[in-house]
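Number of protein chains: 2
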Amino acid sequence: MEGKTAEISKAAFLRFPAYLRYLKAEEAAGVGYVSSSEIAEDMHLSAVCVRKDLALVASEPGKPRLGFAVGKLIGDLERALGYHLKTHACVVGAGRLGRAFLVYDGFEHYGIDVVAAFDISPAQVGALRGKPIYPMERLKEIAERENVRLGILTVPGEAAQQACDAMVEAGITAILSFAPAYVRVPEGVTLRCEDLAASLASLSAETEKSGA
Amino acid sequence: MEGKTAEISKAAFLRFPAYLRYLKAEEAAGVGYVSSSEIAEDMHLSAVCVRKDLALVASEPGKPRLGFAVGKLIGDLERALGYHLKTHACVVGAGRLGRAFLVYDGFEHYGIDVVAAFDISPAQVGALRGKPIYPMERLKEIAERENVRLGILTVPGEAAQQACDAMVEAGITAILSFAPAYVRVPEGVTLRCEDLAASLASLSAETEKSGA
DNA sequence: TGTAAATCGATAAAAAAATATCGATTCGAG
DNA sequence: CTCGAATCGATATTTTTTTATCGATTTACA
Numbered sequence: 005m006e007g008k009t010a011e012i013s014k015a016a017f018l019r020f021p022a023y024l025r026y027l028k029a030e031e032a033a034g035v036g037y038v039s040s041s042e043i044a045e046d047m048h049l050s051a052v053c054v055r056k057d058l059a060l061v062a063s064e065p066g067k068p069r070l071g072f073a074v075g076k077l078i079g080d081l082e083r084a085l086g087y088h089l090k091t092h093a094c095v096v097g098a099g100r101l102g103r104a105f106l107v108y109d110g111f112e113h114y115g116i117d118v119v120a121a122f123d124i125s126p127a128q129v130g131a132l133r134g135k136p137i138y139p140m141e142r143l144k145e146i147a148e149r150e151n152v153r154l155g156i157l158t159v160p161g162e163a164a165q166q167a168c169d170a171m172v173e174a175g176i177t178a179i180l181s182f183a184p185a186y187v188r189v190p191e192g193v194t195l196r197c198e199d200l201a202a203s204l205a206s207l208s209a210e211t212e213k214s215g216a
Numbered sequence: 005m006e007g008k009t010a011e012i013s014k015a016a017f018l019r020f021p022a023y024l025r026y027l028k029a030e031e032a033a034g035v036g037y038v039s040s041s042e043i044a045e046d047m048h049l050s051a052v053c054v055r056k057d058l059a060l061v062a063s064e065p066g067k068p069r070l071g072f073a074v075g076k077l078i079g080d081l082e083r084a085l086g087y088h089l090k091t092h093a094c095v096v097g098a099g100r101l102g103r104a105f106l107v108y109d110g111f112e113h114y115g116i117d118v119v120a121a122f123d124i125s126p127a128q129v130g131a132l133r134g135k136p137i138y139p140m141e142r143l144k145e146i147a148e149r150e151n152v153r154l155g156i157l158t159v160p161g162e163a164a165q166q167a168c169d170a171m172v173e174a175g176i177t178a179i180l181s182f183a184p185a186y187v188r189v190p191e192g193v194t195l196r197c198e199d200l201a202a203s204l205a206s207l208s209a210e211t212e213k214s215g216a
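Protein chains in written order, with this note's numbering: chain A, 5 to 216; chain B, 5 to 216.
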């Protein structure tokens, strides 16, 4: 019997990052309090939905007539999302996309530290803005040494399965794949596929539907 | 009262790309028929869910004891996802991520043609593998000329709103944003935010939860 | 050719999520 | 100080999505 750590629904969890972005924009604009109806209108959600979501994470109740303290909410959301934990990640596949991840400086706010990239081509080996790019052979060695748990897979589709296997072998337990291919992972390894092309295509299809 | 164009649930629609990836892998392996239970096991879904999803798109029913014809299903899914339609897209923000999108050759399978990129910095202007990179001033002109409907937003967070406004002004009606910022769009414009860092962070959090 | 095994598709039930309603609370203006 | 407007949070309802069950069909094999 856990005290108050209620069950956070999967759908709500997916909305949290959007709240966070919105609240940070409000904070930057100097807003101190926001009401749930205000959030709802700006974010195109129902006010009830917002209230329910915030009730899941808010450390203190909202004040009638005022709303929620923006700064407080941001902290609560970040904690709920686990951004306060520090995690080491690596990139496998140092192409354009992979290198973009390697040097992207937005991860630190999320508790993620991308420590290195790996590539099968010797031509890519080196470094970028101080972040090293190693040959694939060293994946296991470096991953174990740096305690890397997270892997970002950005290789061409035909190389995806092999690269993925190497990551699993190196002890990586969570993989975010951008490779346009179906890959198989063993039990105990979490895999999420972000098919950017498919995402874009579905967005396009959606627009067609509602537009014309 | 529409004939047979049944309502495709939103959740099912999101699963379609994954089916597609899986089926293409099977096809490449020379498999002619797959049963829904086989798909379910490989993809970690329930067999009933798979059958319901496939029933929404399949142009011909599955055969008992055999399953569905792989090639046929692939075609059906692609049609349902709108990949047969041709759409022009552009990239706004020609940094590393933006350039990765510009030259990514996987979009053509999805009916998307990325025709150009735009950047505010004159240093980025030029071309990459035959794809032009224009200055932001020419966005509207080019977008209208090329009939661009889709925009991929890959600028730093602080430039996102301004760039987004320019895209809307240029007649773009669907925007896929990778900028880590909250942006506001007018009615009639579809916006989807892909917060890569948040996605990675949530994956990490998920693993923590189930792992330890 | 006949039998058995396994699949499909449809109907029904369960679970989850979104939405609606209502009283209690409290801030701000008069 | 009092009144009114607006918000919160909780309960209830509706909708959506997932999961379960069952008979019909068909292929493979003896």
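Don't be surprised by glycine CBs; every beta carbon is placed ideally from N, CA and C.
Proximity test, Cβ basis, 9 Å: residue i and chain A
| i | result |
| --- | --- |
| B/Gly-97 | no |
| B/Cys-197 | yes |
| B/Ala-131 | no |
| B/Phe-105 | yes |
| B/Leu-18 | yes |
| B/Ile-78 | no |
| B/Asp-46 | yes |
Residues near residue i by beta carbon distance below 8 Å, same chain, minus five either side
| i | result |
| --- | --- |
| B/Asp-57 | Ala-16, Arg-19, Phe-20, Tyr-23 |
| B/Gly-134 | none |
| B/Met-47 | Ala-22, Tyr-23, Tyr-26, Val-54 |
| A/Gly-7 | With a pLDDT of only 36 at A/Gly-7, under 50, the local geometry of the prediction cannot be trusted, and no value is derived from it. |
| A/Glu-150 | His-92, Cys-94, Val-119, Ala-120 |
Sequence-distant residues of the same chain with beta carbon closer than 7 Å to residue i, five excluded per side
| i | result |
| --- | --- |
| A/Val-172 | Val-189, Pro-190, Val-193 |
| B/Ala-131 | Ile-137 |
| A/Val-74 | Leu-27, Glu-30, Glu-31, Val-35, Gly-36, Tyr-37, Val-38 |
| B/Phe-105 | Val-95, Val-118, Ile-156, Thr-158 |
Proximity test, Cβ basis, 9 Å: residue i and chain B
| i | result |
| --- | --- |
| A/Ile-156 | yes |
| A/Ala-205 | yes |
| A/Asp-123 | no |
| A/Ser-41 | no |
| A/Leu-200 | yes |
| A/Ala-209 | yes |
| A/Gly-215 | With a pLDDT of only 49 at A/Gly-215, under 50, the local geometry of the prediction cannot be trusted, and the value read off the model is given with reservation. Answer yes: the Cβ-Cβ gap between A/Gly-215 and chain B drops below 9 Å somewhere. |
Other residues of its chain near residue i: CB distance less than 6 Å, five sequence neighbours each side excluded
| i | result |
| --- | --- |
| B/Ala-164 | Ala-183, Ala-185, Val-187 |
| B/Arg-55 | Ser-40 |
| A/Ala-84 | Val-61 |
| B/Val-71 | It is worth fixing the name first, because residue 71 of chain B is Gly in this sequence and not Val. Same-chain partners within the cutoff: Tyr-37, Val-38, Ser-39. |
| B/Tyr-114 | Tyr-87 |
| B/Ala-174 | Leu-143, Lys-144, Ala-147 |
Exposure label - residue i; buried when at least 16 CB within 10 Å
| i | result |
| --- | --- |
| B/Leu-81 | buried |
| A/Ser-63 | exposed |
| B/Ser-50 | exposed |
| A/Ser-206 | buried |
| B/Asp-199 | buried |
| A/Ile-12 | exposed |
| B/Arg-103 | buried |
| B/Ala-201 | buried |
| A/Val-52 | exposed |
| B/Ala-33 | exposed |
Paired residues, beta bridge with residue i - DSSP
| i | result |
| --- | --- |
| B/Leu-195 | B/Ile-179 |
| B/Gly-130 | B/Ile-137 |
| B/Cys-168 | According to DSSP, which records beta bridges pairwise, B/Cys-168 is partnered with nothing at all. |
| B/Ile-156 | B/Val-95, B/Leu-180 |
| B/Gly-71 | B/Lys-67 |
| B/Asp-109 | Beta-bridge pairing links B/Asp-109 to no other residue. |
| B/Asp-117 | B/His-92 |
Task: Three CB pairs or more closer than 8 Å across the stretch 88-102 of chain A and the stretch 123-141 of chain A - done: yes
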